[in-house]
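Everything in the sequence shown is counted per this note's numbering, starting at 94 for the first residue and increasing by one.
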Amino acid sequence: MINKENIFRRDVDILRGLAVILVVLYHLDIKFFQSGFIGVDIFFVLSGYLIGSIYARHQNSLDFYEKRFRRILPAMLATLIVFLVASPFLFLPFEVRKVTDSIVGSLLFVPNLVFWRDNDYFSNLSFSPLLHYWSLGVELQYYVIFPLLFFMGKKFKAFFPVLAIISLGFCIFLTDLSSKSAFFFLPTRLWEFFLGYFAYQIRDVSFISKFKRTKASSYFSILILLLLIIITTLPIPSDKFPGVYAIAPVVMCFIYIAVGIESERFLNFSLVKVIRWFAKVSFSIYLIHYPVIFIFKYSPFSETNELTMIESIVAVIITLILAIVSYRYIESPMRDKSIVPLKKFFIILIAAYSFIIMLLFIFSSNGYFKDLYGEQKAAIFYAMDDRGAWRCSKWQKLKELKSDSCYLLHAHNAEKKVYLVGDSHIDVLKDVFTDSAIDKKISVRLNKTRCLLGREQCSYEKIVSEVNSYEITDIVMHGYDSSKFHYHDIEKLVLWVAQNNVRLHIIGPVPTYNRSVPSALFQETLTSNRIIQRISLNEFESRLPEKYVTFKSRFNGYKNVYFYRPEDFLCAPECRLLSPKGVFYFDSNHLTLKGANELVPMILDIYSK
């Protein structure tokens with residue numbers, strides 16, 4: 094029998110406390126800890142160590158699941174219930190719907206997949222007050238499959254090492270392909286859990302046992318802790334994480350757990366005791382901190398705001414108070430079988446699930462209470478969801494792995510093959526392009542990642558390569574800020590299409606505004622005053638960047654080159670923000686599907702060339 098003290102160690106609590114502190118500091122946008130999200134990776138390694146050690150002692154799947162569910166579900170469900178009940182009073186109807194989507198994913202143990210579908214963890218543009226639940230989804234999925242993994246590990250000694258190598262390789266590969274997928278998926282995180290488990294397995298290795306008995310071991314582990322903290326202060330490219338950037342902190346955690354800290358003087362140091370206290374309530378802190386911080390940052394319709402120092406302090410105080418309450422009255426009692434026997438535990442779980450499902454049904458059947466705001470406001474709310482999925486789907490990316498573009502519509506024996514090139518502004522038009530091409534023997538492709546015209550995937554070389562690879566007949570270019578286009582590259586493309594019987598269609602800028610259109614329209618319904626300044630067609634044209642105007646005047650009428658004016662369809666003569674059909678923008682500059690549909694005549698003109 095393994096002594097419990099060998100598993101539930103005070104030095105490991107330091108690592109857990111440090112992890113939750115780093116995550117909270119990151120979510121508070123403390124710039125010094127710009128990579129504090131690494132705290133989640135620390136949690137994964139710790140879970141691998143603890144889960145492996147707990148299961149190895151008992152090897153009883155039912156007992157294992159009961160302990161894990163007692164540890165996770167009560168506090169998780171309590172947080173979800175409180176937040177769900179509060180959400181109609183805190184957020185707008187379309188935002189409440191997003192909250193319910195997150196909660197459904199959490200109830201099914203797949204919140205990471207819900208956020209993978211909708212969000213970028215490193216973006217502040219998405220409404221995701223429960224985004225931090227993604228890591229709970231990964232952990233719960235790991236708990237579910239671990240008994241099977243353990244069984245396979247006993248059958249085949251190389252099982253865990255081989256699977257860890259495969260997982261790490263897949264993580265690095267997928268990070269390059271889709272860092273968002275690598276971030277949220279369990280298969281790309283398994284190696285982190287496994288390194289924690291390996292730290293448990295090598296606890297009795299001779300040279301490690303000898304080293305642990307020396308004073309140097311404690312100093313070595315303290316150095317590892319300091320290096321981990323330093324790493325969180327360094328910039329890590331969000332589009333390259335986890336990948337190779339996750340290796341160093343995860344390996345450091347593995348070494349720290351394997352070696353440990355034996356120094357009583359260090360373990361009883363006042364600051365260390367504080368960190369260990371954070372470890373004690375770390376799960377409740379993790380559950381509660383992000384919704385609390387999000388509420389302080391929240392601004393209707395727009396990206397989240399930065400917190401003031403006072404707001405950050407208040408958010409932390411509220412988080413700690415609620416975490417202590419959660420730990421004392423929910424976490425601790427629910428873990429104790431003498432207080433909450435198994436039968437009572439299941440009754441509580443069923444009641445909690447039933448209550449949440451009932452609330453979800455009430456919210457959904459009442460349209461997330463949008464009718465309380467009136468028809469005009471409801472139409473404005475709808476604008477926030479009136480858009481297609483971003484870029485190419487994950488399946489399309491995988492299906493055409495080596496290509497810089499993907500098929501949106503693949504017509505058999507297509508007579509016209511269109512390639513859409515640009516940033517997010519061409520992306521919001523892609524649905525209208527594909528809808529307008531149906532039954533017309535037209536194929537439509539889109540570049541996989543957004544790019545500034547003339548650079549990266551929108552560079553002359555990349556575009557010509559795709560045109561030649563897929564026998565493209567028509568290139569359509571459109572972007573946001575035409576003052577930043579790299580016109581030298583575009584000029585090379587103009588000269589190339591004239592000699593290669595390929596048509597180049599350049600769509601000019603759409604009217605844009607200095608603030609969120611739905612937000613401004615919503616405020617106008619409350620005040621009856623114009624919050625957002627409308628612009629006339631003449632005013633819009635006078636604002637066009639000189640570089641674009643010069644480029645257009647130089648090449649307009651050039652062989653196989655065509656220019657288009659979205660303003661002719663959006664401004665009549667005042668540039669419109671909405672029509673009886675709906676709002677034209679979902680932020681300050683991106684068209685909704687309703688807005689994009691105003692450009693159908695222009696798109697049909699492109700197809701007629």
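Cβ coordinates follow ideal geometry from the N, Cα and C atoms, glycine included.
Proximity to residue i [Cα-Cα], best of the options
i    : options                   : result
T527 : Y512, Q550 and L501       : L501
I386 : L663, Y655, L121 and K652 : L121
I624 : T618, L413, A613 and E634 : A613
F266 : I135, Y446 and P335       : P335
L522 : W483, I348 and V231       : W483
P181 : M245, A171 and V192       : V192
A76  : L166, K308 and A149       : Residue 76 lies beyond the stretch modelled for the chain, which goes from 94 to 702, so this question has no answer here.
S703 : I107, Q127, E639 and P204 : Since the displayed the chain opens at 94 and closes at 702, residue 703 lies outside it and no answer follows.
L513 : M169, I599, V603 and V418 : I599
I340 : M570, I131 and K687       : I131
R109 : I135, S154, F125 and L118 : I135
I378 : N561, A168, G481 and A416 : A416
K702 : T307, F648, V511 and S621 : V511
M245 : F304, L233, Q152 and F220 : Q152
Y142 : Q127, F125 and V105       : V105
P342 : R306, S299, E285 and F371 : E285
Reduced DSSP secondary structure (H/G/I, E/B, other) of residue i
i    : result
Y214 : Here Y214 scores only 49 on pLDDT, less than 50, and its place in the model is too uncertain to base an answer on.
I123 : coil
S457 : helix
V374 : coil
S498 : strand
V203 : coil
Y391 : coil
S562 : helix
Y678 : strand
G650 : coil
L111 : helix
S310 : helix
H503 : coil
T281 : coil
W209 : helix
F644 : helix
K470 : helix
G481 : coil
H579 : coil
V433 : coil
F316 : Checking the sequence, you will find Leu at residue 316 rather than Phe. In this structure, L316 counts as helix in the three-state DSSP scheme.
D332 : helix
E424 : helix
L327 : coil
G601 : coil
E634 : helix
V521 : coil
D106 : helix
K541 : coil
T397 : coil
H683 : coil
S356 : coil
Residue i: first and last residue of the uninterrupted beta strand (DSSP E) it sits in
i    : result
M570 : D567 to H571
Y655 : V654 to Y657
For residue i: DSSP bridge partner residues
i    : result
E667 : S629
K510 : S536
Y446 : For Y446, which the question treats as bridged, DSSP gives no partner whatsoever.
R596 : D567
G515 : H571
S672 : G675
Continuous alpha helix (DSSP H) stretch holding residue i: start and end
i    : result
N690 : L686 to N690
L465 : First-last for L465: undefined, no H or E at that position.
S609 : Where S609 is concerned, there is no enclosing alpha helix (DSSP H), given that its DSSP letter is neither H nor E.
S405 : M402 to S419
F552 : The amino acid occupying residue 552 in the given sequence is Ser; Phe does not appear at that position. Where S552 is concerned, there is no enclosing alpha helix (DSSP H), given that its DSSP letter is neither H nor E.
D698 : V693 to S701
S302 : S299 to K305
4 or more residues per run - each alpha helix (DSSP H) lying fully within the stretch 218–271
226–248
At what residue ranges does the stretch 116–190 contain a whole run of the alpha helix (DSSP H), taking only runs of 4 or more?
131–151 and 154–183
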